[in-house]
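J.:
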DNA sequence: GTGACACTGGACCAATCGGTCTATTCCTGT
DNA sequence: ACAGGAATAGACCGATTGGTCCAGTGTCAC
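Chains as they are written, first to last, in the working numbering: chain S, 4 to 185; chain V, 4 to 185.
1. Going along the chain, which unbroken runs of the alpha helix (DSSP H) with 4 or more residues stay wholly within the stretch 21-70 of chain S?
2. When you compare each of V:49, V:12, V:111 and V:139 to residue 74 of chain V by their alpha carbons, which one comes out closest?
3. Anyone know if the C-beta pair for residue 113 of chain S and residue 122 of chain S falls short of 8 Å?
4. When DSSP labels each residue in this structure, what does residue 116 of chain V get in the three-state scheme?
5. Consult DSSP for residue 81 of chain V and reduce its assignment to one of helix, strand or coil.
6. Would you say residue 145 of chain S reaches chain V, if we count a Cβ-Cβ gap shorter than 8 Å as a contact?
7. Does the Cβ of residue 273 of chain V have 16 or more other Cβ atoms within 10 Å, making it buried, or fewer, making it exposed?
8. Kindly confirm or deny that the stretch 33-41 of chain S and the stretch 80-96 of chain S touch, where touching means at least three C-beta pairs closer than 8 Å.
9. Please tell me whether residue 171 of chain S and residue 127 of chain V are closer than 8 Å, where the distance is taken between their beta carbons.
10. Check residue 106 of chain S in the structure and name its three-state DSSP category.
11. Please go through the same chain and pick out, in chain order, the residues whose beta-carbon is closer than 7 Å to the beta-carbon of residue 134 of chain S, but skip the five residues on each side of it.
12. Is it buried or exposed, residue 55 of chain V, if we count other Cβ atoms within 10 angstroms and call 16 or more buried?
13. For residue 168 of chain V, I'd like the list of residues in its chain whose CB is within less than 7 Å of its CB, leaving aside the five on either flank, ordered along the chain.
14. For chain V, check one thing: does any of its Cβ atoms lie closer than 8 Å to the Cβ of residue 176 of chain S?
15. Using beta-carbon positions only, say whether residue 47 of chain S and residue 33 of chain S come within less than 8 Å of one another.
16. Can you look up residue 9 of chain V in the DSSP assignment and give me helix, strand or coil?
17. DSSP three-state label for residue 144 of chain S, please.
18. Beta-carbon separation of residue 161 of chain S and residue 181 of chain S under 8 Å?
19. Kindly say whether residue 184 of chain V, judged by its beta-carbon, lies nearer than 8 Å to any beta-carbon of chain S.
20. Along chain S, which residues have their Cβ under 9 Å away from the Cβ of residue 17 of chain V?
21. What in chain S is Cβ-close to residue 111 of chain V, meaning under 9 Å?
22. Is the distance from the Cβ of residue 23 of chain V to the Cβ of residue 61 of chain V below 8 Å?
23. Please compile the residues from chain S whose C-beta is within a distance smaller than 8 Å of the C-beta of residue 96 of chain V.
24. Out of S:173, S:116, S:78 and S:82, state which residue places its alpha-carbon closest to the alpha-carbon of residue 94 of chain S.
25. Against chain S, with Cβ distances strictly below 8 Å, would residue 159 of chain V count as a contact?
26. Under 7 Å between beta-carbons, which chain V residues line up against residue 70 of chain S? List them in chain order, please.
27. Which residues in chain V sit within 7 Å of residue 101 of chain S, going by Cβ to Cβ distance?
28. My output table needs one value for residue 184 of chain S: the three-state DSSP class, helix, strand or coil.
29. Quick check on this structure: which residue in V:13, V:132 and V:118 has the alpha carbon closest to the alpha carbon of residue 30 of chain S?
The following block contains the structure:
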């Protein structure tokens with residue numbers, strides 16, 4: 004919340020991520036980002052020479068890193084895969100309530116942007132990174148390789164679908180109930 | 004594919020649904036819709052006095068009806084809930100391959116539009132309609148009320164999450180594998 | 001025929017879009 | 001002190017946006 008000491012580039016990335024996730028790539032004008040980040044247009048094109056698309060990629064990567072940290076935090080102290088997965092669902096539900104996050108930011112940023120092929124491929128890359136992170140923890144917790152792979156992908160699907168339903172219902176209840184589907 | 008005999012209003016709805024689902028609400032200009040539907044601007048504002056937002060609601064409703072028909076077609080001949088759900092997943096995978104559908108159209112249309120509250124509430128209404136349709140079939144196939152409710156919601160979550168991963172990977176494989184998560 | 005009304009066609013508009021450009025300020029190494 | 005690159009500041013641009021408006025066109029009932 005103390006944005007003042009943050010460097011301009013980081014302020015731009017955070018502002019862009021926040022706006023993109025609520026209104027989508029095309030729904031956000033550069034003027035909106037600039038106003039929220041309190042930065043002039045010159046700074047944006049200095050840090051992101053390719054303009055809006057560069058900024059979108061950076062924002063998606065930043066959001067992805069946050070998610071990876073959340074996954075790690077959920078599974079690090081867990082005794083079993085189920086425990087870690089449940090913790091992750093609860094953390095996401097809390098995040099949903101606090102921030103009113105409108106979507107997995109990556110989806111909103113990357114699925115409707117320009118250069119659709121490149122953007123979508125990047126989304127796939129990011130998602131596979133999340134699944135790989137879960138998979139690592141699953142194997143560490145004793146699951147066989149094939150089992151761990153299936154479980155990690157299953158968890159990803161549940162979270163994405165659950166998040167979408169939570170959005171539509173404006174309630175995090177679905178996310179908390181996800182553990183019953185594991 | 005024979006759009007010619009279709010009334011202008013229907014051509015507009017179909018064109019809008021097709022474009023919105025690939026590029027999102029803000030990503031599509033009225034000029035694009037008009038060009039694809041081969042209709043002048045005057046017709047659009049005659050049939051949809053509130054312009055783009057009216058058109059988006061109509062497009063979402065049309066897409067929703069298509070999905071309801073798909074659910075019915077999948078469960079009508081099914082002997083068990085699992086069989087119907089599996090058929091639905093396969094039908095969706097085929098749809099994904101044929102049309103290259105970019106997203107659940109409802110999500111792309113309603114989650115990033117203007118009037119975010121009203122639009123999102125409408126998305127919730129549509130989704131609950133899908134779940135209710137599945138629930139009806141589940142009960143008809145002998146599941147208890149509470150069990151049917153949980154299974155219907157579970158299927159919805161799997162499909163939404165699976166579709167998203169399929170999009171990112173540009174492969175319908177995930178959708179076909181969904182049955183293993185039932 | 002003729003009036004009434006649903007519909008089409010497209011010119012036109014202010015506002016906003018993403019992006020470019022140059023002038024200026026700030027900071028750091030020497 | 002001063003040089004020089006990094007960063008900031010914002011005026012400016014052509015293109016496109018959603019939306020308005022009205023003159024035409026078709027098609028009914030009478």
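C-beta: ideal position from N, C-alpha, C; glycine also.
T.: Walking through what the data contain:
1. The qualifying runs are 33-40 and 44-50.
2. Ranking the options by Cα distance to residue 74 of chain V, first place goes to V:139.
3. Taking 8 Å as the Cβ cut-off, residue 113 of chain S and residue 122 of chain S qualify as a contacting pair.
4. In this structure, DSSP gives residue 116 of chain V a state outside helix and strand, which the three-state scheme calls coil.
5. Secondary structure at residue 81 of chain V: coil, using DSSP grouped into helix, strand and coil.
6. Residue-level contact check: residue 145 of chain S does not touch chain V, since none of the beta carbons of chain V fall below 8 Å from its beta carbon.
7. Outside the modelled stretch of chain V, which goes from 4 to 185, sits residue 273 of chain V, for which no answer is possible.
8. Contact between the stretch 33-41 of chain S and the stretch 80-96 of chain S is not established, with fewer than three Cβ pairs separated by less than 8 Å.
9. A contact, by the Cβ cut-off of 8 Å.
10. If DSSP states are grouped into helix, strand and coil, residue 106 of chain S belongs with coil.
11. Excluding positions up to five away in sequence, the list reads 155, 156 and 159.
12. So residue 55 of chain V ends up on the buried side.
13. When the five nearest sequence neighbours on each side are left out, the beta carbons in the same chain lying within less than 7 Å of the beta carbon of residue 168 of chain V are those of 177, in order along the chain.
14. Cβ-Cβ to chain V under 8 Å: no for residue 176 of chain S.
15. The beta carbons of residue 47 of chain S and residue 33 of chain S sit closer together than 8 Å.
16. Secondary structure at residue 9 of chain V: coil, using DSSP grouped into helix, strand and coil.
17. Here residue 144 of chain S sits in coil by DSSP.
18. A Cβ-Cβ contact shorter than 8 Å links residue 161 of chain S with residue 181 of chain S.
19. Residue 184 of chain V counts as touching chain S.
20. Correct list: empty, because the minimum Cβ distance to chain S is about 20 Å.
21. Correct list: 27, 114 and 115.
22. No, the Cβ-Cβ distance between residue 23 of chain V and residue 61 of chain V is not below 8 Å.
23. Within 8 Å Cβ-Cβ: nothing; residue 96 of chain V doesn't reach chain S, min ~14 Å.
24. Distance check between residue 94 of chain S and each of S:173, S:116, S:78 and S:82 places S:78 closest, using alpha-carbon atoms only.
25. The beta-carbon of residue 159 of chain V is placed less than 8 Å from the nearest beta-carbon of chain S.
26. Within 7 Å Cβ-Cβ: nothing; residue 70 of chain S doesn't reach chain V, min ~14 Å.
27. Within 7 Å Cβ-Cβ: nothing; residue 101 of chain S doesn't reach chain V, min ~18 Å.
28. Looking at residue 184 of chain S - three-state DSSP - the assignment turns out to be helix.
29. Ranking V:13, V:132 and V:118 by Cα distance to residue 30 of chain S puts V:118 first.
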